[in-house]
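S.K.: Numbering of the sequence shown is given in numbering that gives the first Met the number 0, commencing with residue 0 and proceeding in unit increments.
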Amino acid sequence: MTQQKNNTSFIRINDIEVAYTSAGLNDAETILFIHGFPLNKSMWIQQLEFFKRDFRVIAPDIRGHGETDEGKKPYSISLFAHDLIGFMDALQLEKVILCGLSMGGYITLNVAHRYPDRFSALILTDTSCKSDTPEAREKRMQTIMDIEQNGLEKYADESLKRLFAPDSLIYKTDETEAVRKMILSTTTTSIFSSLRALATREESCSKLSGINIPTLVITGQADIITPPEIAEWMHQQIPHSRIHILEEAGHMSNMENPEGFNEQLWMFLSTR
Ligand code: MLT
């Protein structure tokens, strides 16, 4: 059963209450937007606003993020993917356009391989098919210890420098502040469990050539977390995919250059 508080709806999926925002036309094709780590559904505000005129648009909070319950299970990309399919089933969304950024992209790749019939198009935003290197895994464990010692504020400030392009840090202060608030509103329990999930995720590069769904790969030109080279490589592997490297954007490309992002997504969706 769905409940509503302010603009957010809640629905029980597996062992948790999942929070989500929805807008747009009820009988139109649905775009489902999946946020990155450790963020929440509000990172998609400018896409919901733009695409609600022609689509049904829905942005859920992943387990332990935003207003969705943490649950008690250890996190993994497969668990997040299981929640996503449960969410689609509960809302009777037979087939959707799925747009995931970074960790949202890891989840998108996971479900696209396991449930290809449930998706009419994929948008892989600032993401990667690779698993963590041993060094990256080590760094995530170090991050857990750093947060335990120095707190979340320092982690949030350091994250912003990696998430945003240098120019965005100067000129997009509303956006950087919004992301800072998203990070600070996530509990450390959820951040630690998500870091372990990210560190242990499986690669999906070897399966890209089997994707038979229209796909747009889109990445910020100044993304240093999932750089344009990996986007180019994924595009070459995914049959009939398209690619766009977005100017004036780092890892948070949909927030840093929303006009450019929306235009590319719109062009892809209208000509796929
Ligand atoms: C994200 O934006 O979801 C994270 O940067 C993903 C990651 O750290 O691998």
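Ideal placement from N, C-alpha and C gives every residue a C-beta, glycine not left out.
Taking the alpha-carbon of T175 as reference, which of F163, L183, S184 has the nearest alpha-carbon?
M.R.: Measuring from the Cα of T175, the nearest candidate turns out to be F163.
S.K.: Distance, Cα to Cα, L100 vs V216?
M.R.: Cα-Cα distance, rounded: 10 Å.
S.K.: Counting only the same chain and skipping the five closest in sequence on each side, list residues whose C-beta sits under 6 Å from that of T126.
M.R.: Hits under 6 Å: S101, G104, T225.
S.K.: Taking all protein chains shown into account, do 16 or more other C-beta atoms lie within 10 angstroms of the C-beta of E66, making it buried, or fewer, making it exposed?
M.R.: Buried is the call here.
S.K.: Would you mind reading off the limits of the alpha helix (DSSP H) that contains G259?
M.R.: Unbroken alpha helix (DSSP H) run through G259: 257-270.
S.K.: With respect to 7 Å, is the separation between the Cβ of H250 and the closest non-hydrogen atom of the ligand MLT below this value?
M.R.: Yes, the ligand MLT has a heavy atom inside 7 Å of this Cβ.
S.K.: Compute every distance between the C-beta of G85 and the non-hydrogen atoms of the ligand MLT, then say whether any falls below 7 Å.
M.R.: No, the ligand MLT has no heavy atom inside 7 Å of this Cβ.
S.K.: Spell out the partners DSSP gives F9 in its beta bridges.
M.R.: According to DSSP, F9 bridges with Q2, A18.
S.K.: DSSP state of S192, grouped into three classes?
M.R.: Residue state, collapsed to three classes: helix.
S.K.: Take I76 and list the residues in its own chain whose beta-carbon comes closer than 7 Å to its own, dropping the five residues that flank it on each side.
M.R.: Result list for I76: Y105, I106, N109, A196, R200, in chain order.
S.K.: Over the uninterrupted alpha helix (DSSP H) stretch that includes R55, give me the two end residues.
M.R.: Here R55 belongs to no alpha helix (DSSP H); instead the beta strand (DSSP E) covers 55-59.
S.K.: Classify A120 as helix, strand or coil using the three-state DSSP reduction.
M.R.: In this structure, A120 counts as strand in the three-state DSSP scheme.
S.K.: May I ask you to verify whether the stretch 183-198 touches the stretch 226-246, counting CB pairs closer than 8 Å and requiring at least 3?
M.R.: They do not touch, by the three-pair rule.
S.K.: Once you ignore the five residues that flank N25 on each side, which residues in its own chain have a CB closer than 8 Å to its CB?
M.R.: Contacts found: R55.
S.K.: At what residue ranges does the stretch 218-242 contain a whole run of the alpha helix (DSSP H), taking only runs of 4 or more?
M.R.: Entirely contained in the stretch 218-242, the alpha helix (DSSP H) runs reaching 4 residues are, in chain order, 227-236.
S.K.: Closer than 8 Å is the cut-off here; do at least three beta carbon pairs connect the stretch 112-124 with the stretch 83-101?
M.R.: Yes: the two stretches touch, three or more of their Cβ pairs being nearer than 8 Å.
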